[in-house]
Every structure is written in C-alpha cells, then in structure tokens.
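The structure appears below as structure tokens.
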Amino acid sequence: MGQEKILQILKEVIFSVFDTMFFLFPEAVESEKDLPALPDDYFRAFLHLNDNKWLLILRGSEKLADTMAKNFLGQEGPVDESDVADVFREAANVIAGNFLLKLGGEDRVSIGVPEVEKCRRFHREETVRKFDGDLLFNLGGEFCEVSIKGIDV
Amino acid sequence: MAYNILIVDDSSSIRLAVKKVIEISGFDVGEYFEAANGKDALSVLEENWADVILTDIHMPVMDGISFFKEVSKDPLLSSIPVIFVTTEGSEEGIKASYKMGAKGYIKKPFKPEEIRRILVEVLGEPDGTREDTPNLEGSDF
Numbered sequence: 016m017g018q019e020k021i022l023q024i025l026k027e028v029i030f031s032v033f034d035t036m037f038f039l040f041p042e043a044v045e046s047e048k049d050l051p052a053l054p055d056d057y058f059r060a061f062l063h064l065n066d067n068k069w070l071l072i073l074r075g076s077e078k079l080a081d082t083m084a085k086n087f088l089g090q091e092g093p094v095d096e097s098d099v100a101d102v103f104r105e106a107a108n109v110i111a112g113n114f115l116l117k118l119g120g121e122d123r124v125s126i127g128v129p130e131v132e133k134c135r136r137f138h139r140e141e142t143v144r145k146f147d148g149d150l151l152f153n154l155g156g157e158f159c160e161v162s163i164k165g166i167d168v
Numbered sequence: 005m006a007y008n009i010l011i012v013d014d015s016s017s018i019r020l021a022v023k024k025v026i027e028i029s030g031f032d033v034g035e036y037f038e039a040a041n042g043k044d045a046l047s048v049l050e051e052n053w054a055d056v057i058l059t060d061i062h063m064p065v066m067d068g069i070s071f072f073k074e075v076s077k078d079p080l081l082s083s084i085p086v087i088f089v090t091t092e093g094s095e096e097g098i099k100a101s102y103k104m105g106a107k108g109y110i111k112k113p114f115k116p117e118e119i120r121r122i123l124v125e126v127l128g129e130p131d132g133t134r135e136d137t138p139n140l141e142g143s144d145f
C-alpha cells in the first residue's frame, strides 16, 4: 500500500473518530494560510504499534483538548485537567485501533498502551513537514496534528 | 432486579461514559464497580459479586484477554457474562472473542444504543425503563 493511501486512511479515521466521539469536524490543513495559531500549551498522546516499529502521535492545543473532554463527557462546566488528559489519551488509542482496522492488518499488529503528557512551548519548526507522515488539522481555529512514523511504504 | 456491573478500562473517561449510557438505558443497577486493569478487577471480584463485566482489552498490568481467562478458570466467576469494549474491531477479533466465551463485543467509538442492545441481550429488557428515558439514537461516544 502506498504512503498516500495510508495517510488517506489515517485522515478518514481521524475525521470519523472526531465526529463520533467528540462531535467535532476537523478541516485538513493543506496550506500555510489555513494553519491555526500555534498553541502555547498543548497535549501530546502517543502509542507504539507493531512491536514498537510504528509510532502514532496526536497533538492538540489545550483548548481543543478541553473541548474534546467536555463533548465526550457531556460536561458543560470545567473539566479537571486529569480528565482532559485521559480523554485525549483515549482519542489516540481509538484513532490507532481504527487505523489498524482500516489498514486490514490489526490481527497481526500489536497496539501499545497510550501515554499522554501536557507540554509547553509548541515549536513552529515541529509543524513543518519533516516527513510525510504528518497530518495537520484545523478544528474551529484550534491546532491539531497527527503523525505516524516508521511505516515502510 | 438490580444488577451489579463491573467496568474495566484504564481510561476513567471511558468508564464514566459507559456508566452514563447504562444509567440512561434504564437498567436497575445495584452497584457499579470500576477497575483500571484486569488485576484490579480480579481484586474487586474477590470482595464483590458482579452480574455482568464490561472490559477493555488493551490495558496495562493485566489486559482484558488475560483477565477474561482468569475469570473463565474460576468455577464461581465463570458464570458472569463478559462483554469486551475495545478499539479492536476486526471480524477475526470478534469471532475469536465469542469463541473464547465472550457474550458481547462493542467497538470504540461506540454508540450508546449498541451498549444497550448488548446489555439487553445479556441481561434482558431493563425493568427500570422509564417513559422519560432519553432516546439514545443519534448519540455517540
């Protein structure tokens, strides 16, 4: 399967998961002008797949993560940061599982336990497409990035 | 009849979402028990009885499959119906789970009505269904 096809599958999974879990509709960022403002604080969730050969990373602004948690938990008031982190971590888990399922190799590919952390100072250069496994999204003006590393195509 | 329900998932938000779905589905729940992995769930079952178990598969410490095998080996616990709630949704995975003896399989992200449907299959129609029970159609988790 070609890299373009793999990224297309990943993109479709992201659209579907954000829609069904969080009632959010990501717009793929294809050009510089569509890139949302980069966040100062952001959440990063990641998990290894296929015996540590692949790595899936989900990064999103703090505000986006907060919205995801509120929508998922059906909570209108403030959500504890630990719950925000947990929801963001689960989002990465569900994206990974559904991505592997769509790839058709889930039964042969191991899924690691996801981890999450809150980070500061999002570096601009990190968003430059250093490799072709990055997908950038705009969710109502909030930044989101999904990267998949290590897949040989 | 009130049912005791054990929810096993390393994500506290998923445990909360599952609990909310069960609550709005109208089941008469005696007690909810929660555990973050299979090992903790076995500890819960040492002290408490559950009428149904909903468990994730991928969890640290003890995963859902190992937990299910431990439950199946125990003469007392083996009668408790186990439902998997997981990101692994391949046909092969589902078939393998049913072959192992699982009573249901729910893929994440799940729809509330899917959880309700499988719980009805396992436990029967809820006695506590109220006229004001919200319609679950159209909601997702």
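The listed protein sequences derive, respectively, from chains A and B.
Numbered by the numbering used here, the letters in the first sequence go through residues 16 to 168 in order.
Numbered by the numbering used here, the letters in the second sequence go through residues 5 to 145 in order.
For every residue, glycine included, the Cβ atom is placed at its ideal position computed from N, Cα and C.
No experiment lies behind these values; they were computed from the predicted model shown.
Residue i to residue j span [Cα, whole Å]
| i | j | result |
| --- | --- | --- |
| A/D55 | B/D78 | 52 Å |
| A/V168 | A/L70 | Unreliable positioning characterises A/V168 in this predicted model, as indicated by a pLDDT of 46, which lies under 50. The coordinate reading is nonetheless provided below. One C-alpha to the other measures close to 15 Å. |
| A/S97 | A/L25 | 27 Å |
| A/F40 | B/L80 | 47 Å |
| A/I126 | A/N65 | 6 Å |
| B/N41 | B/L58 | 12 Å |
| B/K23 | B/S17 | 10 Å |
| A/F170 | B/E35 | A query on residue 170 of chain A cannot be resolved here, the shown segment of chain A reaching from 16 to 168 and no further. |
| A/L115 | A/I166 | 12 Å |
| B/A45 | B/S70 | 11 Å |
Short CB-CB distance (under 7 Å) between residue i and chain A
| i | result |
| --- | --- |
| B/K112 | yes |
| B/S153 | This structure does not reach residue 153 of chain B, given that chain B is present from 5 up to 145, and the question cannot be answered. |
| B/I69 | no |
| B/T91 | yes |
| B/I26 | no |
| B/I87 | no |
| B/I11 | no |
| B/I98 | no |
| B/S17 | yes |
Chain B contact for residue i (CB, 7 Å cutoff)
| i | result |
| --- | --- |
| A/N67 | no |
| A/I126 | yes |
| A/K145 | Note on A/K145: pLDDT 47, under 50, position unreliable in the model; the coordinate value appears next. Not an interface residue. |
Short Cβ contact (7 Å threshold) for residue i with residue j
| i | j | result |
| --- | --- | --- |
| B/I9 | B/V33 | yes |
| A/N113 | A/F37 | no |
| A/A60 | A/P129 | yes |
| A/A107 | A/L62 | yes |
| B/G30 | B/P116 | no |
| A/S76 | A/F158 | yes |
Outcome for residue i when other beta-carbon atoms lying within 10 angstroms are tallied against a minimum of 16
| i | result |
| --- | --- |
| A/A4 | Lying outside 16 to 168, the shown extent of chain A, residue 4 of chain A is not represented and no answer is given. |
| B/D60 | buried |
| A/L151 | buried |
| B/D14 | buried |
| A/K145 | Note that A/K145 scores a pLDDT of 47, beneath 50, so its modelled location is shaky and nothing firm can be said. |
| B/S83 | exposed |
| B/M63 | buried |
| A/K20 | exposed |
| B/A21 | buried |
| A/G156 | exposed |
| B/K111 | buried |
| A/M83 | buried |
Cβ distance (whole Å) where residue i is taken to contact residue j below 8 Å
| i | j | result |
| --- | --- | --- |
| B/I87 | B/V56 | 7 Å |
| B/P113 | A/V109 | 6 Å |
| B/A54 | B/F37 | 6 Å |
| A/L50 | A/V44 | 5 Å |
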